[in-house]
Amino acid sequence: MRRSIATVFACVALVACGPNAATTEAPAAPAEEQASAAPANVGDCVQTTATVVGPRLEGVPDSGSSVTYANGLYQVSYDVVPAISNTQAGDEVRLCLVSVPENCPPGDNRGRVYDATNLRTNETWSAPDSQHMCGGA
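Residue numbers for the sequence shown, in our numbering: 2 to 138.
Written as structure tokens, this is what we have:
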């Protein structure tokens, strides 16, 4: 069930979002938005948009690279990745899931690795979705 942005803000303000909290529901997501969800299986790819690009640590330029996407995914590297640095907020990016760690504690989904291609620059990179693998710090 999708809720309008106003409903989400109201729920956050009330700190209660039960199934009856919404009085107005947004229409179903368009096919292109649904297609931008996270890839489910190794080899699956989605197209999304970069929303935030910067260093791994805020305010520390040489701390590595990070990029956040409109579909909620995130990539981070301890290395400065030139292809990420050349990416701008609003760039369309194709993300492909290339590996999923095994034997992780229940609920710890960190460590998925994605290959990314910036569709504006045609540059590619590979990076995990977390600074630590599942079960780590």
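C-beta: ideal position from N, C-alpha, C; glycine also.
Cβ neighbours of A117 within its own chain (closer than 6 Å, five residues either side excluded): V94, L96 and W126. Here E93 is bridged, per DSSP, to T50.
CA-CA distance, L98 to G136, rounds to 20 Å. Check the Cα spacing between N72 and each of N110, T122, V53 and N104: the tightest is with V53. DSSP places P129 inside the beta strand (DSSP E), whose first and last residues are T125 to P129. Comparing C-alpha distances from P83 to each of T122, Y75 and D45 shows the shortest one belongs to T122.
Pairing R113 with Q48, the inter-Cα distance amounts to about 17 Å. Here Q89 is exposed. Its C-beta has fewer than 16 other C-beta atoms within 10 Å.
Closest option to S67, judged by alpha-carbon separation, among G60, L58 and V77: V77. Between the alpha carbons of P129 and N119 lies a gap of roughly 16 Å. Put simply, of H133, A51, A38 and D45 the residue whose alpha carbon is nearest the alpha carbon of N87 is A51. When secondary structure is reduced to three states using DSSP, D80 falls in the coil class, being assigned neither helix nor strand.
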